[in-house]
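Down below is the structure, laid out as C-alpha cells.
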Amino acid sequence: MPTPKVLPTAPTELLETEDQLRRVIQTLIEMGIMVHDFQGTGESREGLTDRVSLMTRQLDELAVESNRLKEEFPIDVVQYIENGRNPDVYTREFVELAAKQNQYINGKMKAMAEFREILGDAIKEAYPDLEDAIANVKRRTTPQNLDNNQPTA
Numbered sequence: 001m002p003t004p005k006v007l008p009t010a011p012t013e014l015l016e017t018e019d020q021l022r023r024v025i026q027t028l029i030e031m032g033i034m035v036h037d038f039q040g041t042g043e044s045r046e047g048l049t050d051r052v053s054l055m056t057r058q059l060d061e062l063a064v065e066s067n068r069l070k071e072e073f074p075i076d077v078v079q080y081i082e083n084g085r086n087p088d089v090y091t092r093e094f095v096e097l098a099a100k101q102n103q104y105i106n107g108k109m110k111a112m113a114e115f116r117e118i119l120g121d122a123i124k125e126a127y128p129d130l131e132d133a134i135a136n137v138k139r140r141t142t143p144q145n146l147d148n149n150q151p152t153a
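Residue numbering for the sequence shown follows the working numbering, starting at 1 and increasing by one per position.
Below is the structure:
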C-alpha cells in the first residue's frame, strides 16, 4: 500500500519524539522492576503510584507530540513490527518479491514477443500479400527495451 507523500518533519521534532519514547521505555522498565519487587508496603505502593502517574503524563505528552509529526508509515510495516519482526526483513522480502514479479512479467513479455514473431512468420508464409501489414504490426508492438533481446529470423 503506497504511502502518500508528506513533507518530512524537522529533525529536531523527531529527536524530541525519540527522547520521549526512550523516557517512556525507561519508565516501563522501572515499573516492571517495581512490580516484580513489590513488597506491599506504603512506600513501595507510593513509588509505584508515582511511576504510574509519570507514565500517564509521558504518554499524554507523547500523544500531543505525535499529532505534530507528519511522517506516515505503511500499515504493513507497523503490523510487522507489532508482530515482533524486524522491519529490515520486511524491506528485504518486499524487494525480493518485486524482483520475482518483475522476472515473471519480463518472461511473459518475452514469450509474447516470441509468439508474435512466430505467428507473424506463419501468417506471412500462408498469406504473402499481408507482409507489409505484419511488419507494421510487429513494428508497433515491439517494446523498445526488448529490441536488443529479440531473436533475429
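Even for Gly, the Cβ is constructed at its ideal location relative to N, Cα and C. As the structure is a computational prediction, the values presented were derived from the model and not from experiment.
Beta-carbon within less than 7 Å of I81's beta-carbon, same chain only, minus the 5 sequence neighbours each way: which residues are those?
Looking up residue 81 in the sequence shown gives position 81. For I81, where only same-chain residues beyond five positions count, the Cβ hits under 7 Å are P87.
Assign Q39 to one of three DSSP states: helix, strand, or coil.
Residue 39 sits at position 39 when you count from the first residue of the sequence shown. In the structure shown, Q39 sits in coil (DSSP, three-state: anything other than H, G, I, E or B).
Anticipated Cβ contact below 8 Å, Q58 with Q101, distance rounded:
By one-based count along the sequence shown, residue 58 stands at place 58. By one-based count along the sequence shown, residue 101 stands at place 101. Between Q101 and Q58 the Cβ distance is about 44 Å, and since that is not below 8 Å, they are no contact.
Three or more C-beta pairs under 8 Å: does that hold for the stretch 21-28 against the stretch 38-57?
Enough Cβ pairs lie closer than 8 Å, so yes.
In the structure shown, what three-state DSSP assignment does D86 receive?
On the sequence shown, position 86 is the one that residue 86 refers to. According to the sequence provided, residue 86 is Asn. The question's Asp does not apply to it. Of the three classes helix, strand and coil, the one that applies to N86 here is coil, per DSSP.
Where in the stretch 15-72 do unbroken runs of the alpha helix (DSSP H), each at least 4 residues long, occur, reported from the N-terminal end onward?
If we require 4 residues or more, the alpha helix (DSSP H) runs fully inside the stretch 15-72 come out as 42-68.
Measure the C-alpha to C-alpha separation of V35 and N106 and round it to an integer number of angstroms.
Mapped onto the sequence shown, residue 35 falls at position 35. Mapped onto the sequence shown, residue 106 falls at position 106. Using only the alpha carbons, I get a separation of about 59 Å.
Tell me, to the nearest whole angstrom, how far the beta carbon of E13 is from that of R68; I am working on the premise that it is less than 8 Å.
Along the sequence shown, one-based indexing puts residue 13 at 13. Along the sequence shown, one-based indexing puts residue 68 at 68. The C-beta distance from E13 to R68 rounds to 6 Å, short enough to meet the 8 Å contact threshold.
For Y90 versus V78, is the C-beta distance shorter than 8 Å?
Counted from its first residue, the sequence shown places residue 90 at position 90. Counted from its first residue, the sequence shown places residue 78 at position 78. The answer is no: Cβ separation not under 8 Å.
Give the secondary structure of T91 by DSSP, where H, G and I count as helix, E and B as strand, and everything else as coil.
As a working note, residue 91 is residue 91 in the sequence shown. Helix.
Cβ-based neighbour list, I123, same chain, cut-off 8 Å, excluding 5 preceding and 5 following
As a first step, residue 123 is located in the sequence shown; it is residue number 123 there, counting from the start. Here the set comprises L130, I134.
Three-state secondary structure (DSSP) of T12:
Here residue 12 corresponds to residue number 12 of the sequence shown, with the count starting at 1. Helix.
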